[in-house]
Each structure stands twice: as structure tokens, then as C-alpha cells.
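Trainee: This is the structure I have questions about; it appears just below.
In the working numbering, the protein residues as written are 164 to 841.
Structural data, given as C-alpha cells:
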């Protein structure tokens with residue numbers, strides 16, 4: 164880094180005790196001499212050969228080698244001799260002898276005398292000078308510079324090849340050029356950072372002082388390196404900027420091509436295998452299980468579609484991001500891709516949703532059909548079981564249950580029609596997503612199946628309704644039968660009550676003719692009521708027989724009721740006749756007795772025949788005797804009218820009147836007795 168008095172560069176060659184390789188030294192000198200500029204080289208070199216630690220033969224060889232390496236540039240060679248110098252004669256003779264042939268002057272000098280030829284400020288401390296020099300620092304900086312220069316030059320060539328290739332003719336050549344040299348061998352950012360750090364170091368050493376504070380002048384090689392580094396950095400920045408733009412364009416084009424490729428993959432799959440899957444799935448199933456199996460298959464198809472729909476969402480986001488970037492040259496293409504992708508995906512999604520809704524409607528239809536079929540089966544089973552109720556109430560309950568089931572079937576059939584019509588409406592719209600495929604045949608099968616199910620349910624329901632009508636009539640007849648039997652039994656009870664009332668309460672015979680006639684009239688009315696009750700019971704039992712014949716069944720109680728009715732009526736008739744006979748006898752008795760008792764004594768001619776009194780007495784005795792006799796029924800049983808006290812009371816009235824008649828008879832006999840005496 165030092166300079167001689169002629170401003171020539173000083174080249175120091177330190178020699179050591181070890182064997183020095185002349186080849187390595189020659190290469191090193193060539194490298195060092197290639198660093199300065201031609202202007203510096205023109206001023207010549209002063210070479211300091213430090214031989215203090217070497218032998219004379221080595222020093223001599225080095226000096227002679229300078230002739231071959233830098234003969235024109237070397238102006239002075241200063242050989243620093245050791246303290247124990249070589250043979251003066253030999254050394255002086257040799258350098259003197261070779262002076263003209265070498266072309267430069269060789270001076271043997273001690274280290275402390277070297278300042279006679281070179282200023283101390285241009286010498287390092289090794290030679291007693293003050294020049295600050297750190298060989299390792301210089302070597303490291305030089306290595307950095309060499310590396311930067313090599314890498315930046317190579318990088319510039321690569322970037323230029325890439326950038327120039329991107330500007331060439333056809334798109335095919337452009338892509339081929341970029342493909343072959345797209346990635347540089349080194350990282351441009353790293354090289355630029357190295358260059359900036361090197362330039363900063365070089366510029367810093369230009370203005371800063373040494374560690375001792377002494378001003379330091381930069382070496383020529385460093386001054387020369389600064390513009391080289393700056394020029395390389397400028398070129399690198401320019402090429403790298405172009406390279407980044409090329410990469411951006413390439414990345415955008417690659418991204419666009421990838422998006423286009425993925426879009427076409429999605430479109431091709433949806434319009435190909437995806438649409439084919441939907442084309443093959445046209446049926447709706449003929450049962451709940453079949454519809455559920457089709458739904459499961461459709462879910463598998465939806466699962467496959469969902470993977471492609473996820474790709475669609477991702478692609479749509481990427482396209483939206485590119486559209487927001489605002490590159491006008493790609494807007495039309497991106498919008499066309501986005502529109503194409505959206506149209507296909509939305510159309511396919513609509514078809515999936517349509518198919519899912521269709522299958523759901525079919526499942527609901529078959530569910531309603533199955534429920535209705537089960538209701539019809541239950542109703543038919545109920546109709547097929549013979550009715551054997553215990554009473555009319557149970558029949559009414561069964562009839563109510565039957566009506567409820569029939570109403571439920573009506574509602575179920577109405578719901579089936581609604582579901583079926585809705586399903587038919589959806590099937591009629593199926594052609595809109597058939598992608599040109601004729602689905603008439605497939606739709607006809609589905610339509611025929613739906614209509615067949617509804618017609619079959621209608622026929623089954625009609626058959627059940629007919630059977631319900633028959634069962635309803637039969638059950639109503641059974642209700643009527645039970646009602647007739649109950650009413651007939653009630654008529655028997657009423658007639659028994661009338662008989663009981665006749666025996667227990669119809670006892671009095673009257674105190675006179677008028678009262679007895681009134682009792683007789685009341686009794687006839689009472690008999691009319693009993694006759695009506697009996698006739699009503701007979702009619703009911705006749706109706707029971709007719710109903711049993713219609714129902715083809717044997718009444719459970721009619722066989723017992725009719726004999727009971729006839730028996731009670733026979734007993735009532737016998738009792739009534741006895742009551743009538745007694746009342747009529749009482750009327751005759753009271754009529755005759757009252758006639759005699761009311762006749763005046765002045766009319767004796769009325770009593771001329773005493774037989775009337777005897778007749779009255781005979782009637783009275785007959786009536787009294789009849790009161791003590793029970794009513795005898797055909798079965799041998801006997802019944803008395805009222806209690807003994809009641810009978811005694813009735814008999815007492817007859818006896819009193821018979822006493823009056825007897826007294827009257829005696830009164831009439833007394834005049835007859837006195838007349839003869841007189």
C-alpha cells in the first residue's frame with residue numbers, strides 16, 4: 164500500500180527460513196501485479212525483498228525471477244540484508260554483474276537504512292516505518308471482493324440471459340428460455356447484500372483514521388475496487404429488478420395456468436363423471452328401504468362432489484385475489500374462467516339439491532303409503548274378526564273405534580294423494596337437468612309406480628269402506644237386538660211389577676155400588692196398561708227374532724224372555740180375572756143390599772118374596788168365601804190378595820152390610836107375626 168518517491172507502488176516480498184516455492188511466488192506476483200491499474204503500473208514498482216530470514220541463493224533466485232515476471236514495471240529492487248550478511252564480494256559481484264541484464268537496479272540495504280530510499284510513512288513497522296497495514300484484513304477484504312466480483316459477474320450473465328430470454332420473440336421461446344435458466348446459481352439478495360457490505364467497508368476506510376488516529380490513505384487497489392463494486396451493484400440492481408418482474412410475470416402466468424388447469428379439471432369432472440352419476444340415478448325406489456338406499460347412494464355422490472366444490476371455493480378465492488390485483492390484461496380471461504366455473508358448479512349443485520329433494524319426497528311418499536297400508540291392514544283385520552260383544556255399550560264403543568279408524572284412513576289417503584302429487588310435480592321437472600338425455604321412459608316408470616300405489620290404496624280403502632258399511636249395519640242391528648232384548652226384559656219386569664201391584668194394592672172391594680164400580684173401572688184401565696206392556700214385550704221379542712235371523716245368530720236371552728213374559732202375563736190374566744170376578748160380585752151384592760135397605764116399610768109388597776134376602780146372603784157369603792181363597796196359577800203356585808189384615812178389613816165391610824140386610828129382614832118379619840095375632 165506504500166509508494167516510493169516517484170509515486171510508484173511498493174511491492175514487499177517477505178522471505179522465510181523455509182524453502183520458498185518459486186512457482187507459488189510467481190503465481191502470487193502475477194496476481195498482485197494484476198490488481199493495480201495500468202496507470203499505476205506505468206509509474207513503476209519498487210520491490211522490497213526481505214531476505215533477513217532467508218539465504219542468499221533464495222534471494223538471488225527471487226531477484227532473477229522478477230526479471231521474468233515484471234521486468235518493465237520494476238524500477239528498483241531493495242534487498243534487505245540480515246545482520247549477519249552474506250559474503251560481500253559474492254553478493255556485490257553478482258548484482259553488479261547482472262545489472263544491465265536485469266533492467267532494474269538492485270540495492271542491498273539494511274532495514275534501518277531503507278528510509279534513505281523510501282519515506283518512513285510509506286514503510287511498515289517491519290522496516291521501521293509508520294505505515295499501518297494489516298495483511299490478514301487486506302487478504303479478507305480482497306477475498307470478499309474477489310468472491311463478490313466472481314459471483315456478481317456470473318449472476319449478471321445469468322440474469323441477463325434470463326431477462327433477455329423473456330424479451331425474445333415467441334411465447335414458446337420465452338417459456339423455453341425461462342424454463343432453462345429460471346433460477347440463478349446464487350441468491351441475488353445475498354450477492355447484493357455482500358456487495359453493499361463491501362462497498363460500505365471500502366467507503367468507511369476511506370474517511371476513517373487508523374487505530375492510532377493517524378490519517379490513512381486508501382490503497383490504490385481499494386480505490387479501484389470502489390467503482391468496480393458500485394458498477395457491479397448498479398448492474399445487479401438493474402438486472403435483478405428486471406428479473407423480479409420476469410419472475411412476477413412468470414409466477415402470475417404460472418398461477419393463471421394452474422388456475423385454468425384446475426378450473427378445467429373441476430369443469431371436466433362435473434360435466435363428465437359427476438353428471439354421469441346423476442344420469443344413472445333416476446329412480447325413486449318402490450319402498451322406504453329402497454328410497455333410503457338411493458339416499459345413501461346420493462350422499463356418496465354428494466360427498467364426491469363436495470371435494471370438487473371445495474376446490475371451486477379455493478379457486479374462486481384465488482381468482483378474486485387476482486382480479487383485485489387489477490392486471491387488465493388478465494381480467495377478461497379470469498372473469499371468463501370464474502363465470503364458467505361458477506355456472507358449472509351452481510348448475511351441478513342445483514341438480515344435487517333437486518335430486519336430494521326428489522328422494523326426500525319419495526321417502527315421505529313411501530312412508531305415508533306404508534303407514535296407510537298398516538292402517539288398512541289393521542282396519543281389515545278388525546273387520547275380519549267376528550263381532551261378539553257382551554252388550555250394546557261395547558258394540559257402540561267398537562263402532563266408534565271403527566269410525567275413527569276409517570276417518571284416519573281417509574286422512575292418510577288424502578295425505579298420500581298430496582305427497583304423490585307433489586312427487587309427480589317434481590318428476591315432471593326432472594327433464595330440466597337431464598343434460599339432453601331422454602328421461603321419458605324412466606319418468607314413466609316412476610309415474611306409473613306412484614299412480615299405481617295411490618290407486619291400490621284407493622281400492623283397498625274402498626273395499627274397507629264397503630266392509631265397514633256392512634259391519635256398521637250389522638253392529639247397528641246388534642245394538643237394536645240388544646236394545647230389544649233389554650226392553651223385552653224390561654217389559655217382563657214391568658208386567659211383574661204390575662202383577663205384584665195388583666196382588667198387594669188392589670184389595671178393596673168398595674163400601675157401596677158406586678165405589679165398587681169406580682174400582683172396577685180403574686181395574687180395567689190397569690189391565691189395559693198391562694195389556695199394552697205385554698203387547699210391547701211381544702213386539703220386541705218378535706223384532707228380536709227377525710234381527711237374529713238377519714244376523715244369523717241365536718239370541719242369548721230371547722229364548723228365556725218369551726216364556727217369562729207369557730208366564731207373567733198368564734199369572735196377571737188369572738189374577739185380573741179373579742179381581743174382576745170379585746169386583747163384579749161385590750157390585751151385585753152392594754146393588755141388591757142397597758136396594759132392599761133403601762125400600763120404605765110402607766111398601767111391603769116389595770118384600771113379598773123373602774128369597775131376595777136369601778140371595779143377598781148367599782152372594783155375601785160367596786164373596787166372603789172368595790176373599791179367603793188364594794189365586795192358583797197353572798204351575799200350582801198360589802198368591803193371596805194383600806195381607807190377612809187387608810182381607811179381614813174388606814170382609815168386615817161385607818159382613819156389616821150383611822148384618823144390615825139381616826136386620827132389615829127381621830124388621831119385615833115382625834109385622835107379619837103381629838098381624839095374625841091381631
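C-beta: ideal position from N, C-alpha, C; glycine also. Given the structure is predicted, the values throughout are model-derived calculations rather than measurements.
#1: Rounded to whole angstroms, what's the CA-CA distance from residue 511 to residue 352? Just pull it up for me.
#2: Over the uninterrupted beta strand (DSSP E) stretch that includes residue 203, give me the two end residues.
#3: Since residue 243 is in the beta strand (DSSP E), which residue starts that stretch and which ends it?
#4: Could you tell me whether the region 676-685 touches the region 646-656, using the rule of 3 or more Cβ pairs below 8 Å?
#5: Quick check on residue 498: does DSSP put it in helix, strand or coil?
#6: In the DSSP assignment, what are the bridge partners of residue 802?
#7: Only counting runs of 4 or more residues, tell me where the alpha helix (DSSP H) segments fall wholly within the region 432-476, in order along the chain.
#8: List the residues that DSSP assigns as beta-bridge partners of residue 287.
#9: What's the gap between the Cα of residue 560 and the Cα of residue 635?
#10: Return the CA-CA distance between residue 305 and residue 289, expressed in angstroms with no decimal places.
#11: Closest by CA to residue 642, which one among 669, 707, 697 and 612?
#12: If distances are taken between C-alpha atoms only, which option among 606, 803 and 541 comes closest to residue 623?
#13: With 16 as the cutoff for other CB atoms within 10 Å, does residue 620 come out buried or exposed?
#14: Skipping 5 residues on each side, what residues in its chain have a beta carbon closer than 7 Å to that of residue 674?
#15: With DSSP as the reference, label residue 778 as helix, strand or coil.
#16: Comparing alpha-carbon positions, which option in 363, 326, 275 and 393 lies nearest residue 312?
#17: What are the boundary residues of the beta strand (DSSP E) that residue 271 is part of?
#18: Within 10 angstroms of the Cβ of residue 734, are there 16 or more other Cβ atoms? Answer buried if so, exposed if not.
#19: In three-state terms, what does DSSP make of residue 698?
#20: Could you give the DSSP three-state label for residue 692: helix, strand or coil?
#21: Excluding the 5 residues preceding and the 5 following residue 832 in the sequence, name in chain order all residues of the same chain whose CB lies nearer than 6 Å to its CB.
#22: Taking three-plus beta-carbon pairs below 8 Å as touching, is the region 500-510 in contact with the region 428-443?
#23: For the candidate residues 739, 401 and 640, whose alpha-carbon lies nearest to that of residue 688?
#24: Measure the Cβ-Cβ separation of residue 725 and residue 704 and say whether it is below 9 Å.
#25: Could you tell me whether the Cβ of residue 828 comes closer than 9 Å to any Cβ of chain C?
#26: Put residue 430 into one of helix, strand or coil per three-state DSSP.
#27: Reducing DSSP to helix, strand and coil, say where residue 142 ends up.
Mentor: To lay it out plainly:
#1: C-alpha separation (whole angstroms): 48 Å.
#2: Bounds of any beta strand (DSSP E) do not take in residue 203; it lies within the alpha helix (DSSP H) bounded by 201-205.
#3: Annotation: the continuous beta strand (DSSP E) that includes residue 243 extends over 237-243.
#4: With fewer than three CB-CB distances shorter than 8 Å, the region 676-685 does not count as touching the region 646-656.
#5: Judged by DSSP in its simplified three-state form, residue 498 adopts helix.
#6: DSSP lists 794 as the beta-bridge partner residues of residue 802.
#7: Residue ranges of uninterrupted alpha helix (DSSP H) with 4 or more members, entirely inside the region 432-476 and ordered along the chain, are 438-443.
#8: DSSP lists 294 as partners of residue 287.
#9: Distance between the alpha carbons of residue 560 and residue 635 is about 12 Å.
#10: For the pair residue 305 and residue 289, the Cα-to-Cα distance works out to about 22 Å.
#11: The alpha carbon of residue 642 has as its nearest neighbour, out of 669, 707, 697 and 612, the alpha carbon of 707.
#12: Nearest Cα to residue 623 within the set 606, 803 and 541: 541.
#13: Around the CB of residue 620, 16 or more other CB atoms lie within 10 Å, so the residue is classed as buried.
#14: Answer for residue 674: 816, listed in chain order.
#15: The answer is helix: DSSP assigns residue 778 an H, G or I state.
#16: Considering only alpha carbons, the answer is 393.
#17: From DSSP, the beta strand (DSSP E) with residue 271 extends over 268-272.
#18: It counts as buried.
#19: Assigned with DSSP and collapsed to three states, residue 698 falls in helix.
#20: Of the three classes helix, strand and coil, the one that applies to residue 692 here is helix, per DSSP.
#21: Excluding sequence neighbours, residue 832 sits near nothing in its chain.
#22: They touch, by the three-pair rule.
#23: The residue with the shortest Cα to Cα distance from residue 688 is 739.
#24: Contact flag set, yes.
#25: Of the chains in the structure shown, none is chain C; there is only one protein chain.
#26: Here DSSP, grouped into helix, strand and coil, assigns residue 430 to helix.
#27: Residue 142 cannot be examined here, being either before or after the span of the chain that is shown, 164 to 841.
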